[in-house]
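Heads up: the sequence shown is residues 237 to 439, going by our numbering.
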Amino acid sequence: MRGRFNAWLFAALDSYMHGKYARIKFRLLADAPSVIVELGPGSGANLRYLPAGTRLIAIEPNRQMHDVLRRRARHFGIDLDLRGTAGENLDLPSASVDFVFGSLILCSVDRPAQVLAEVRRVLRPGGRFACVEHVAAPAGSGDYGLQRMIKRPWKWVFEGCDLCRDTSSTLRSAGFTQVDVQPFVLPTIFVPIRHQIAAVCVN
């Protein structure tokens, strides 16, 4: 039920989210190579930011998303290699790709440190991991209080999404040679996720 609900919700919010994230995602994906890995592409919200002909290795365990992801890949001319595995156990050889991307995904995986370990494993030396993530608001703020208050029901509805993760620290402790984290506040009606980061990490 939750998988179907989230598949419907993300499709319904596609235009809204594009309006909020387009500038950030275009920047993060501007010089991506012709073959990339995306963690949790969902219904394909990020396909519009990729050049036609890009080979996308899509790691999407929610099979309710697969049909619409395939349709949108055909629409945007993306060569889709769709895999139903989880980010904690990537079905890819070590040191096999140059670029991995994630969008609002480290909030909901069970073990974000393990996901990043897998990202580092499959990246070649000098390869990059880019992401945009919502994070915990500053401790003691009203937004942080709201996040703490609704954390449990939010996590249940949105398939494990944790409002209070310190993803910046997780990225910095993952073992990358370079980590550039830029915090920002997203102007959105969804107040619990308005504190976010955009990050680029070099293996």
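For each residue, glycine too, the CB sits at the ideal point set by N, CA and C.
All of these numbers come straight from a predicted model, not from anything done at the bench.
#1: Just to confirm the assignment, what range does the alpha helix (DSSP H) spanning L352 have?
#2: Here's a check: name, in chain order, each residue in its chain whose Cβ is nearer than 6 Å to the Cβ of D379, leaving out the five neighbours to either side.
#3: Below 7 Å between beta carbons: does that hold for H370 and Q418?
#4: Unbroken beta strand (DSSP E) runs of length 3 or more, entirely within the segment 245-283: which are they?
#5: May I have a chain-ordered list of the alpha helix (DSSP H) segments no shorter than 4 residues that lie completely inside the segment 300-346?
#6: If you draw a straight line from the C-alpha of L264 to the C-alpha of D334, how long is it?
#7: Should R364 go down as buried or exposed, given a rule of 16 or more other Cβ atoms within 10 Å for buried?
#8: Who pairs with D379 in a beta bridge, going by DSSP?
#9: V355: which of E274, D250, M301, I425 sits nearest, CA to CA?
#10: Whole angstroms are fine: how far does the CA of L422 sit from the CA of A461?
#11: Quick check on F262: buried or exposed, where buried means 16 or more other Cβ atoms within 10 Å of its Cβ?
#12: Taking a contact to mean a Cβ-Cβ separation below 7 Å, would you say C437 touches L399 in this structure?
#13: State the DSSP-derived secondary structure class of P389, mapped to helix, strand or coil.
Taking the structure as given:
#1: By 1-based counting over the sequence shown, the position of residue 352 is 116. Residues 348-358.
#2: Your numbering for residue 379 matches position 143 in the sequence shown. Once the five neighbours on either side are set aside, the close Cβ partners of D379 are A373.
#3: The count along the sequence shown starts at 1 and reaches residue 370 at position 134. The count along the sequence shown starts at 1 and reaches residue 418 at position 182. Not a contact, by the Cβ cut-off of 7 Å.
#4: 271-275
#5: 302-312
#6: On the sequence shown, position 28 is the one that residue 264 refers to. On the sequence shown, position 98 is the one that residue 334 refers to. When rounded, the distance between both Cα atoms is 14 Å.
#7: Locating residue 364 in the sequence shown gives position 128, where the first residue counts as 1. Per the 10 Å Cβ criterion, buried.
#8: Residue numbering aside, residue 379 sits at position 143 when the sequence shown is read from its first letter. Paired residue(s): none; D379 is not in a bridge.
#9: Numbered from 1 along the sequence shown, position 119 holds the residue referred to as residue 355. The option with the nearest alpha carbon to V355 is E274.
#10: In this structure the chain extends from 237 to 439, so residue 461 is not present and cannot be described.
#11: As a first step, residue 262 must be located in the sequence shown, where it is residue number 26. The residue in question, F262, is exposed, as its Cβ has fewer than 16 Cβ neighbours within 10 Å.
#12: On the sequence shown, position 201 is the one that residue 437 refers to. On the sequence shown, position 163 is the one that residue 399 refers to. No, these two residues do not count as a Cβ contact at 7 Å.
#13: For the purposes of this step, residue 389 is identified with residue 153 of the sequence shown, where counting begins at 1. Reduced to three states, the DSSP call for P389 is helix.
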